């Protein structure tokens, strides 16, 4: 009992090392990305676009940035863009939006029966949008 | 049904300056603050620079906050908060040609947008002005299969929105060109 209590208190006191390392690495990648963008924009404007393309000045920044991305374990933070892209739509949500779509179509458009048939088909087959 | 349109614009700046401004359009801090505040992140996915022939090939992912969808599409999909575009840029230094092809990477089941922009020296004043040409193609896939007229209506509504965004983008490029011109002198 005493051992369990101390264990839980120690775990709550300090954040997990993996999460801390991951967030620190993400910040470092962001800085390297900004450094690469700045380097490329300056090189392009001052050299490449004016005819001096014989040397690529930003290979070093690019390799540092890519190396950072490859080493970092992939763990998107909550509410990140990646999480938004893989957002899941439940069957209940599909049924609701389908019903809403049918009502919308019937109330506002003359040839709505075509679209409503399409929506009914999608609802019955549990198609995820 | 596919809705396509072409826009042209003449920048009164040389090609090297306009293309440099085009690269900076989405990464510029001032542009991100005001006119392009809906741009969330810009990632360079791959790049290849051929020093011998003076060519650049780059692929960038641009994430932006989604505009409100046309009314007819709102019932079909959850409120998408992020639109992800993949932008493929090709620059040919000796030919002074820059070509940017953008496509939306998500929401493709809903609307498919392809945008091709080209920057070339103006034919009459090649050293002073730059001719910008933008071709946009919009297709609304789910409605096209059911009701062509509804698909066309949605596509035209999207086209109006994209025209407004395009004019905003041109203003940003003009502003960056002015700043680069000051830096040149």
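Protein chains in written order, with full-length UniProt numbering: chain A, 1 to 129; chain B, 1 to 185.
Backbone N, C-alpha and C define an ideal beta-carbon position, used for all residues, glycine too.
Just so it is clear, the structure is predicted and the values come from calculations on it, not from any experiment.
### Message
Please report the distance separating the alpha-carbon of residue 88 of chain B from that of residue 38 of chain B.
### Response
20 Å
### Message
Counting only C-beta atoms, is residue 16 of chain B closer than 8 Å to chain A at any point?
### Response
yes
### Query
DSSP three-state call for residue 140 of chain B: helix, strand or coil?
coil
### Query
Would residue 31 of chain B be called buried (16 or more neighbouring beta carbons within 10 Å of its own) or exposed?
buried
### Message
Measuring straight from C-alpha to C-alpha, what distance separates residue 28 of chain A and residue 66 of chain A?
### Response
12 Å
### Query
Does the beta-carbon distance from residue 112 of chain B to residue 10 of chain B come in below 8 Å?
no
### Task
Would you verify that the beta carbon of residue 54 of chain A is, or is not, closer than 8 Å to some beta carbon of chain B?
yes
### residue 165 of chain B (DSSP reduced to helix, strand or coil)
helix
### Query
Looking at the C-beta of residue 51 of chain A, does it have a partner C-beta in chain B at a distance below 8 Å?
yes
### chain B residues whose Cβ lies nearer than 7 Å to that of residue 132 of chain A
Any question about residue 132 of chain A goes unanswered here, given that chain A covers just 1 to 129.
### Task
Report the neighbours of residue 10 of chain B on chain A: residues whose CB is nearer than 8 Å to its CB, in chain order.
Neighbours of residue 10 of chain B on chain A: none; closest Cβ ~18 Å, over 8 Å.
### Query
chain A partners of residue 43 of chain B, CB-CB under 8 Å?
33
### Query
Buried or exposed: residue 60 of chain B, going by 16 or more other Cβ atoms within 10 Å of its Cβ?
buried
### Query
Just curious, the alpha helix (DSSP H) that residue 24 of chain B is in, first and last residue?
15-24
### Message
Quick check on residue 8 of chain A - is its C-beta less than 8 Å from some C-beta in chain B?
### Response
Note that residue 8 of chain A scores 34 on pLDDT, short of 50, meaning its location in the model is unreliable and no value can be drawn from it.
### Message
I need the straight-line Cα distance from residue 184 of chain B to residue 45 of chain A, nearest angstrom please.
### Response
10 Å
### Task
Could you tell me the distance, in whole angstroms, from the CA atom of residue 35 of chain A to the CA atom of residue 26 of chain B?
15 Å
### Message
Please list, in chain order, the chain B residues whose beta carbon lies closer than 9 Å to that of residue 28 of chain A.
### Response
Neighbours of residue 28 of chain A on chain B: none; closest Cβ ~15 Å, over 9 Å.
### Task
Measure how close the beta-carbons of residue 54 of chain B and residue 53 of chain A come, nearest whole angstrom, since I'm counting them as under 8 Å.
4 Å
### Task
Would you mind working out which of A/69, A/50, A/98 sits nearest residue 31 of chain A, comparing C-alpha positions?
A/69
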